[in-house]
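Below is one structure, written out as structure tokens, with a few remarks after it.
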Amino acid sequence: MLGLDNIERVKPGGLELKDRLVAVNRVTKVTKGGRAFGFSAIVVVGNEDGVIGFGLGKSKEVASAIAKAVEDAKKNLVKVPVMNHTIPHQTTARYGGADIFLRPASHGTGLIAGGAVRAVLESAGIHDILSKSKGSSNPHNVVKATFKALLDIRRPEEIARMRGISLSKVFNG
Numbered sequence: 127m128l129g130l131d132n133i134e135r136v137k138p139g140g141l142e143l144k145d146r147l148v149a150v151n152r153v154t155k156v157t158k159g160g161r162a163f164g165f166s167a168i169v170v171v172g173n174e175d176g177v178i179g180f181g182l183g184k185s186k187e188v189a190s191a192i193a194k195a196v197e198d199a200k201k202n203l204v205k206v207p208v209m210n211h212t213i214p215h216q217t218t219a220r221y222g223g224a225d226i227f228l229r230p231a232s233h234g235t236g237l238i239a240g241g242a243v244r245a246v247l248e249s250a251g252i253h254d255i256l257s258k259s260k261g262s263s264n265p266h267n268v269v270k271a272t273f274k275a276l277l278d279i280r281r282p283e284e285i286a287r288m289r290g291i292s293l294s295k296v297f298n299g
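The working numbering numbers the first residue of the sequence shown as 127 and each following residue consecutively.
Written out as structure tokens, the structure is:
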């Protein structure tokens, strides 16, 4: 999907996935017979427990574009680390002109995110996080940058194993 190494792919079978429409774009093709309208939709699906995916669908009707996007999203499901309804550590990512910054927050902070970032984080089941979207606000690039940021996150257990130290030493130094 985005060419990262530590991606844990997930099969959609048996998961209760909820889809969130991020954006619908009307595109026009001018022909000699007039204008031909089409629609493209970007959708994020997730089980609100760390499994998310995004998809793009194009069609002459909005409903079928959304349906195609949902099917595409189910083909690209990945697992992201969610601990206590937040992320283990802060991260940044850039995709195209979109620059995303994510920082874990304490319980009760809420989801401080807007637009496309909010849709991705809600689908992942993240409830307490601070985020900032800089640069382009193009929903396609913002969604891809958010996915890239979430997939760059490593679990504390993985870091402890790589460094050869205990899990408590990862957090307490």
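Where a beta carbon is used, it is the ideal one built from N, C-alpha and C, also for glycine.
Output the residue ranges of the alpha helix (DSSP H) runs that lie fully inside the segment 224 to 294 and measure 4 residues or longer, sorted by chain position. 241 to 250, 265 to 278, 282 to 289
State the DSSP-derived secondary structure class of Lys155, mapped to helix, strand or coil. Position 29 of the sequence shown, counted from the start, is the residue given in the question as residue 155. Of the three classes helix, strand and coil, the one that applies to Lys155 here is strand, per DSSP.
Using the Cα positions of Val296 and Ile285, report the straight-line distance between them to the nearest angstrom. As a first step, residue 296 is located in the sequence shown; it is residue number 170 there, counting from the start. As a first step, residue 285 is located in the sequence shown; it is residue number 159 there, counting from the start. Whole-angstrom Cα-Cα distance: 8 Å.
For Thr154, count the other beta carbons within 10 Å of its own beta carbon; 16 or more makes it buried, fewer makes it exposed. Which is it? Within the sequence shown, the letter at position 28 stands for residue 154. It counts as exposed.
Have a look at the DSSP bridge pairing and note the partners of Asp145. Counting from 1 along the sequence shown, the entry for residue 145 is found at position 19. Looking at the DSSP assignment, Asp145 forms a beta bridge with Val171.
Whose CA, out of Asn264, Ser294, His211, lies closest to the CA of Thr174? Position 48 of the sequence shown, counted from the first residue, corresponds to residue 174. Reading off the sequence, residue 174 comes out as Glu, not Thr. Of the candidates Asn264, Ser294, His211, the one whose C-alpha sits nearest the C-alpha of Glu174 is His211.
Arg280 to Pro230, Cα distance in whole Å? Residue 280 sits at position 154 when you count from the first residue of the sequence shown. Residue 230 sits at position 104 when you count from the first residue of the sequence shown. The alpha-carbon atoms of Arg280 and Pro230 are separated by roughly 13 Å.
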